[in-house]
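Structural data, given as C-alpha coordinates:
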(Lines of atoms letter the chains of each structure in order from A and count residues from 1; the text may use other names and numbers.)
(Lines give C-alpha, C1' and ligand atoms only; values in the text may rest on other atoms or scores of the structure.)
Protein backbone atom coordinates (compact mmCIF):
# COMPACT_ATOMS: atom_id res chain seq x y z
CA UNK A 1 0.00 0.00 0.00
CA UNK A 2 1.10 3.58 -0.61
CA UNK A 3 1.35 4.25 3.14
CA UNK A 4 4.20 1.74 3.39
CA UNK A 5 6.25 3.85 1.00
CA UNK A 6 6.17 6.99 3.14
CA UNK A 7 9.67 8.38 3.42
CA UNK A 8 10.82 6.37 0.40
CA UNK A 9 8.95 8.10 -2.41
CA UNK A 10 8.78 11.84 -3.02
CA UNK A 11 5.27 13.28 -2.47
CA UNK A 12 4.51 13.47 -6.20
CA UNK A 13 5.74 9.89 -6.70
CA UNK A 14 3.60 8.65 -3.83
CA UNK A 15 0.56 10.45 -5.25
CA UNK A 16 1.13 8.95 -8.71
CA UNK A 17 1.56 5.50 -7.18
CA UNK A 18 -1.66 5.83 -5.15
CA UNK A 19 -3.58 6.98 -8.22
CA UNK A 20 -2.18 4.19 -10.41
CA UNK A 21 -2.90 1.55 -7.80
CA UNK A 22 -6.47 2.74 -7.31
CA UNK A 23 -7.11 2.98 -11.05
CA UNK A 24 -5.72 -0.47 -11.84
CA UNK A 25 -7.52 -2.14 -8.92
CA UNK A 26 -10.92 -0.51 -9.40
CA UNK A 27 -10.90 0.92 -12.96
CA UNK A 28 -11.83 4.21 -11.33
CA UNK A 29 -10.17 7.02 -9.39
CA UNK A 30 -11.94 8.73 -6.52
CA UNK A 31 -12.31 12.51 -6.50
CA UNK A 32 -10.08 12.65 -3.41
CA UNK A 33 -7.26 10.65 -5.03
CA UNK A 34 -7.48 12.67 -8.23
CA UNK A 35 -7.41 15.96 -6.33
CA UNK A 36 -4.47 14.87 -4.16
CA UNK A 37 -2.48 13.75 -7.19
CA UNK A 38 -3.28 16.90 -9.14
CA UNK A 39 -2.22 19.01 -6.16
CA UNK A 40 1.03 17.04 -5.88
CA UNK A 41 1.67 17.87 -9.55
CA UNK A 42 1.11 21.56 -8.95
CA UNK A 43 -2.47 21.61 -10.22
CA UNK A 44 -1.26 20.99 -13.78
CA UNK A 45 -3.89 19.35 -16.00
CA UNK A 46 -1.27 18.55 -18.65
CA UNK A 47 0.77 16.55 -16.13
CA UNK A 48 -2.37 14.65 -15.14
CA UNK A 49 -3.07 13.86 -18.80
CA UNK A 50 0.55 12.75 -19.28
CA UNK A 51 0.31 10.49 -16.23
CA UNK A 52 -2.93 8.95 -17.49
CA UNK A 53 -1.53 8.35 -20.99
CA UNK A 54 1.69 6.86 -19.64
CA UNK A 55 -0.19 4.45 -17.37
CA UNK A 56 -2.55 3.50 -20.19
CA UNK A 57 0.27 2.82 -22.65
CA UNK A 58 2.25 0.72 -20.17
CA UNK A 59 -0.88 -1.22 -19.25
CA UNK A 60 -1.69 -1.87 -22.93
CA UNK A 61 1.84 -3.04 -23.73
CA UNK A 62 1.97 -5.36 -20.71
CA UNK A 63 -1.42 -6.82 -21.59
CA UNK A 64 -0.31 -7.53 -25.16
CA UNK A 65 2.96 -9.10 -23.99
CA UNK A 66 1.02 -11.32 -21.58
CA UNK A 67 -1.59 -12.25 -24.18
CA UNK A 68 1.06 -13.43 -26.63
CA UNK A 69 3.11 -14.98 -23.82
CA UNK A 70 6.25 -13.13 -24.85
CA UNK A 71 9.13 -14.78 -23.02
CA UNK A 72 11.75 -12.97 -21.01
CA UNK A 73 15.23 -12.80 -22.52
CA UNK A 74 17.31 -15.94 -21.92
CA UNK A 75 18.70 -16.05 -18.40
CA UNK A 76 16.35 -13.38 -16.98
CA UNK A 77 14.47 -14.27 -13.83
CA UNK A 78 10.78 -13.28 -13.65
CA UNK A 79 10.51 -9.98 -11.77
CA UNK A 80 7.12 -10.85 -10.23
CA UNK A 81 5.29 -13.89 -8.90
CA UNK A 82 2.87 -15.46 -11.34
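Residue numbers (this note's numbering): 2 to 83. Virtual Cβ for every residue (Gly too), placed ideally from N, Cα, C. Bear in mind the structure is a predicted one, so any value in this text is a computation, not a measurement.
From what residue to what residue does the alpha helix (DSSP H) around residue 47 run?
As a first step, residue 47 must be located in the chain shown, where it is residue number 46. Unbroken alpha helix (DSSP H) run through residue 47: 46 to 68.
Do residue 15 and residue 6 have their C-beta atoms within less than 9 Å of each other?
Locating residue 15 in the chain shown gives position 14, counting from the first residue. Locating residue 6 in the chain shown gives position 5, counting from the first residue. Yes, the pair counts as a contact, with Cβ atoms nearer than the cut-off.
May I ask you to report which of helix, strand or coil DSSP gives residue 10?
For this step, residue 10 is matched to residue 9 along the chain shown. The answer is strand: DSSP assigns residue 10 an E or B state.
Sort 45, 56 and 46 by Cα distance to residue 21 and report the nearest one.
Translated into the one-based positions of the chain shown, residue 21 becomes position 20. The option with the nearest alpha carbon to residue 21 is 56.
Going along the chain, which residues of its own chain have a beta-carbon closer than 7 Å to the beta-carbon of residue 13, five neighbours each way excluded?
Taking the first residue of the chain shown as 1, we reach residue 13 at position 12. Excluding sequence neighbours, residue 13 sits near 41 and 42.
Give me the Cα-Cα distance between residue 8 and residue 45, rounded to the nearest whole angstrom.
Taking the first residue of the chain shown as 1, we reach residue 8 at position 7. Taking the first residue of the chain shown as 1, we reach residue 45 at position 44. Distance between the alpha carbons of residue 8 and residue 45 is about 24 Å.
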